[in-house]
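Notes follow the structure.
Residue numbers (my numbering): 225 to 283.
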């Protein structure tokens, strides 16, 4: 979701309003998918899919 009221207009996860970049940064820093999912009330599958999408878009 992109909404200027949340995340300063950056893409955020609709369920928790955490920026996609914040989650991707944690993953790129070596944080486990399971830990990120737990910290942000997401499933590991959601985190994995989000990170794969970020990598795909960056390529």
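Where a beta carbon is used, it is the ideal one built from N, C-alpha and C, also for glycine.
The structure displayed is predicted, hence computed values, not measured ones.
Handout entry: Classification of residue 274 by the beta-carbon crowding that lies within 10 angstroms, buried from 16 upward
Key = Buried.
Exercise for the section: With residue 263 as the anchor, note down where its alpha helix (DSSP H) starts and where it stops. Expected result: Following the DSSP letters along the chain, one finds residue 263 inside the alpha helix (DSSP H) bounded by residues 257 to 263.
Problem - residue 279 (DSSP reduced to helix, strand or coil) - result: In this structure, residue 279 counts as helix in the three-state DSSP scheme.
Practice task
Determine the direct distance from the alpha carbon of residue 282 to that of residue 257, and round the result to whole angstroms.
Solution key: Answer to the nearest angstrom: the Cα atoms are 19 Å apart.
Problem - Spatially closest choice to residue 276 from 245, 239 and 262, by CA coordinates - result: Closest in alpha carbon position to residue 276, among 245, 239 and 262, is 245.
Practice task
Can you tell me which of 268, 279 and 264 puts its alpha carbon nearest to the alpha carbon of residue 236?
Solution key: Comparing Cα positions, the closest option is 264.
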